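I have placed the structure first, in the form of structure tokens, so that the comments after it can refer back to it.
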Ligand SMILES: [Mn+2]
């Protein structure tokens, strides 16, 4: 009986998600007359105003992807509510729910992105909110495995749009993109481990005030193996594990204090170039964008990791983004006006638009519209 109910619910889920493209979601049922408004991309919440209903990212359809593979998708939002790798103030375990809350208004006026000239909510690509990865707050080693496996399960599936079958590119394996809602920045290590299983070493663009490539003995000490993996050291581990493509990675927005100049040397050893926040006064925004583009190239599969303490990455349209995360959103320290969670949602709206404009991924993580 319960199984039958789950099956029929998932069938309903498919119907809702597909119909949302045609904006005719609520077409039957006893109370259809109550709804007067259908929002682009809507389908998850059965409510007709942006302030109503249950929160999913941008009011996208929800599907519990980790307990069901009944739904295919091209882009999946996935929460990783982990904050026990934090050095100072924890709370980012509430980031995924906070970002969803802050994202409700994204398609209030229809969702069209003016500078990028695209609407991610009305694209032919299918975008879902897959909910959260189950993450323990009592055992970091176990939690990091949960995040890697949870992400990998959502990543390694046949996408809704087969870029190759659609004649958009060469034959080959295609994968969806996953945008992860953190979580403190430690999560990027298990996410890169998962990405590595699909793509091998990737290029990383990292927006942050901090390097996050510190050696464990510098950042927080290293009393144990578990303690050595935290939100200031994950890139050091990623580099040592060979998850980063050599000399193609770049930080932007750096304005941290250091233990000394050797931290920068170590960062270069980990494969990064640095754009400091103050370079906005010397080379300007255009110069920074050029520096990032020249470093990463347009062909390398790029993973984008954004710490909320930095800026809007919308100027990076045209790069080959295969996945992304946003981290360190801790709603407990936000204002009552939810400025931080809304800013995080806005940043992801730009990332989502860039990905949608890139089209479905094709073989080797190439954008189908570039082949
Ligand atoms: Mn960080």
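In mature numbering (1 follows the signal peptide of the UniProt record, and there is no 0), the protein residues as written are -17 to -1, 1 to 354. Here a beta-carbon is modelled for each residue, glycine too, at the ideal position from N, C-alpha and C. Since we're looking at a predicted model, the values are computed, not measured.
Exercise. Got a sec? Which residues, its chain only, sit under 6 Å from residue 175 by beta carbon, not counting five neighbours each side?
Worked result: 221, 226
Exercise. When burial is assigned at 16 or more other CB atoms within 10 Å of the CB, is residue 109 buried or exposed?
Worked result: buried
For this session: Over the uninterrupted beta strand (DSSP E) stretch that includes residue 163, give me the two end residues.
Result: 160 to 165
Exercise. Do residue 212 and residue 127 come within 8 Å of each other at the CB atom, strictly closer than that value?
Worked result: yes
Exercise. In the DSSP assignment, what residue or residues form a beta bridge with residue 187?
Worked result: 286
Problem set entry | Buried or exposed by the 16-neighbour rule on C-beta atoms within 10 Å, applied to residue 283 | buried
Exercise. Where residue 89 and residue 332 are concerned, what is the direct C-alpha to C-alpha distance, given to the nearest angstrom?
Worked result: So the two alpha carbons sit approximately 7 Å from each other.
Problem set entry | Neighbour-count burial assignment, residue 34, 16 or more Cβ in a 10 Å radius | Exposed: under 16 other Cβ atoms inside 10 Å.
For this session: For residue 200, count neighbouring Cβ atoms within 10 angstroms of its own Cβ and tell me buried if that reaches 16, exposed if not.
Result: exposed
For this session: Grab me the residues of residue 179's own chain with a C-beta within less than 6 Å of its C-beta, minus the 5 sequence neighbours each way, in chain order.
Result: 226
Exercise. Out of curiosity, what's the CA-to-CA distance linking residue 287 and residue 258?
Worked result: 15 Å
For this session: Can you say whether residue 198 is buried or exposed, counting buried as having 16 or more other CB atoms within 10 angstroms of its CB?
Result: buried
For this session: Out of 208, 329, 104, state which residue places its alpha-carbon closest to the alpha-carbon of residue 93.
Result: For residue 93, the nearest C-alpha among the options comes from 104.
Exercise. Within the present structure, is the beta-carbon of residue 191 separated from the nearest heavy atom of ligand 1 by less than 7 Å?
Worked result: yes
Exercise. Roughly how many whole angstroms lie between the Cα atoms of residue 270 and residue 68?
Worked result: 34 Å
Exercise. Around the C-beta of residue 182, are 16 or more other C-beta atoms found within 10 angstroms, so that it is buried, or is it exposed?
Worked result: buried
Exercise. If you count every other CB in all the chains shown that lies within 10 Å of the CB of residue 13, and 16 or more means buried, which is it?
Worked result: exposed
Exercise. In chain order, what residues of the same chain have a beta carbon less than 7 Å from the beta carbon of residue 316, not counting five sequence neighbours either side?
Worked result: Hits under 7 Å: 72, 74.
Exercise. What do you get for residue 121, buried or exposed, if any count of 16 or more other CB atoms within 10 angstroms of its CB means buried?
Worked result: exposed
Problem set entry | Straight-line Cα distance separating residue 54 from residue 193 | 38 Å
Exercise. What span of residues does the beta strand (DSSP E) with residue 229 cover, start to end?
Worked result: No beta strand (DSSP E) contains residue 229, which DSSP labels as neither H nor E.
Problem set entry | Contact test: residue 311 Cβ vs ligand 1 heavy atom, cutoff 7 Å | yes
For this session: Would you list the one or two residues that DSSP bridges to residue 218?
Result: Answer is none; residue 218 lacks a bridge partner.
Exercise. Among residues of its own chain, excluding the 5 on either side of residue 254, which ones have a beta-carbon nearer than 6 Å to its beta-carbon?
Worked result: 222, 227, 229, 230, 232
For this session: For residue 96, write down the residues that DSSP places opposite it in a beta bridge.
Result: 101
Exercise. What's the C-alpha gap between residue 70 and residue 164?
Worked result: For the pair residue 70 and residue 164, the Cα-to-Cα distance works out to about 19 Å.
Problem set entry | Same chain, Cβ closer than 7 Å to residue 318, five either side skipped, listed in chain order | Cβ neighbours of residue 318 beyond the five flanking positions: none.
Exercise. Is there at least one non-hydrogen atom of ligand 1 closer than 7 Å to the beta-carbon of residue 400?
Worked result: Nothing can be reported for residue 400: it is not among the residues displayed for the chain, which extend from -17 to 354.
For this session: Work out the CA separation of residue 16 and residue 195 for me, nearest whole Å.
Result: 53 Å
For this session: Check each candidate in 116, 320, 146, 324 and name the one with the smallest Cα separation from residue 133.
Result: 116
Exercise. Using a threshold of 7 Å, is the CB atom of residue 250 nearer than that to any non-hydrogen atom of ligand 1?
Worked result: In this structure, ligand 1 has no non-hydrogen atom nearer than 7 Å to the beta-carbon of residue 250.
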